[in-house]
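Visitor: Sharing a structure, written as structure tokens. Questions coming.
Numbering (this note's numbering), first residue to last: 36 to 245.
Shown next as structure tokens:
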């Protein structure tokens, strides 16, 4: 194939972008460009080709009341999500792209054989558990002996008390992590890195029959 000389640099750049390997915390646009994955499903686009618009916007959610105990089963969790976000939100969070609602979030990224979780709690987040008040970020759990969440089924237990949302691994309620509920009535479970929509099966019980 004959190629006009001035096209060679352009073709080289396009080829390099197309073959680029993005980091786990990045989203790969259809063009091959790598952008911040937290910008997915927003009112703006960071992809030059706009391919991040309306992508991975579906979030599993369930309405909860004070006293409810919830079992959340994620049949196909992926390690590349780098954790799962449990957010207690205003009910309007389901109908918004996440900018103007209030959520408090527990992000679980790993666990120990004793059932202790590691991660971070955050206050004043958007509907995806992002853009939180930085001064209200608190890390929890041990710093050593922690295994990252891996591919496969993941089950969490949660409870909506009068003042808080508690999250723990099954059989390990003594290691529950809490975040203020602030009147939230909508529970949302979100992949920390939103590489794909994440299916969640919820079973909601009252504290008496859980």
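A virtual CB, placed ideally from N, CA and C, is assigned to each residue, including glycine.
1. Assuming residue 224 and residue 107 form a contact by the criterion Cβ under 8 Å, report the distance between their Cβ atoms to the nearest whole angstrom.
2. Assuming residue 122 and residue 195 make a contact with CB atoms under 8 Å, what is their CB distance in whole Å?
3. So for residue 240, helix, strand or coil by DSSP?
4. Classify residue 75 as helix, strand or coil using the three-state DSSP reduction.
5. Which two residues bound the contiguous beta strand (DSSP E) that contains residue 97?
6. With burial defined as no fewer than 16 other Cβ atoms inside 10 Å of the residue's Cβ, what is the status of residue 112: buried or exposed?
7. Would you please state the rounded distance, in angstroms, between the beta carbons of residue 82 and residue 57? I believe it to be under 8 Å.
8. Am I right that residue 144 and residue 154 are in contact with their C-beta atoms under 8 Å? What's the rounded C-beta distance?
9. Which of the three DSSP states is assigned to residue 114 in this structure?
Guide: According to the structure data:
1. Counting from 1 along the chain shown, the entry for residue 224 is found at position 189. Counting from 1 along the chain shown, the entry for residue 107 is found at position 72. Correct: roughly 6 Å between the Cβ atoms.
2. Walking along the chain shown from the start, residue 122 turns up at place 87. Walking along the chain shown from the start, residue 195 turns up at place 160. Not confirmed; about 12 Å, so no contact.
3. Stepping through the chain shown from its first residue, residue 240 is reached at position 205. In this structure, residue 240 counts as strand in the three-state DSSP scheme.
4. If you number the chain shown from 1, residue 75 lands on position 40. Three-state DSSP puts residue 75 in coil, outside helix and strand.
5. Residue 97 sits at position 62 when you count from the first residue of the chain shown. Unbroken beta strand (DSSP E) run through residue 97: 95-98.
6. Counted from its first residue, the chain shown places residue 112 at position 77. That one is buried.
7. Against the chain shown, residue 82 aligns to sequence position 47. Against the chain shown, residue 57 aligns to sequence position 22. That pair is no contact at about 12 Å.
8. Translated into positions along the chain shown, residue 144 becomes position 109. Translated into positions along the chain shown, residue 154 becomes position 119. Residue 144 to residue 154, Cβ: 5 Å. Contact.
9. In the chain shown, counting from the first residue as 1, residue 114 sits at position 79. Helix.
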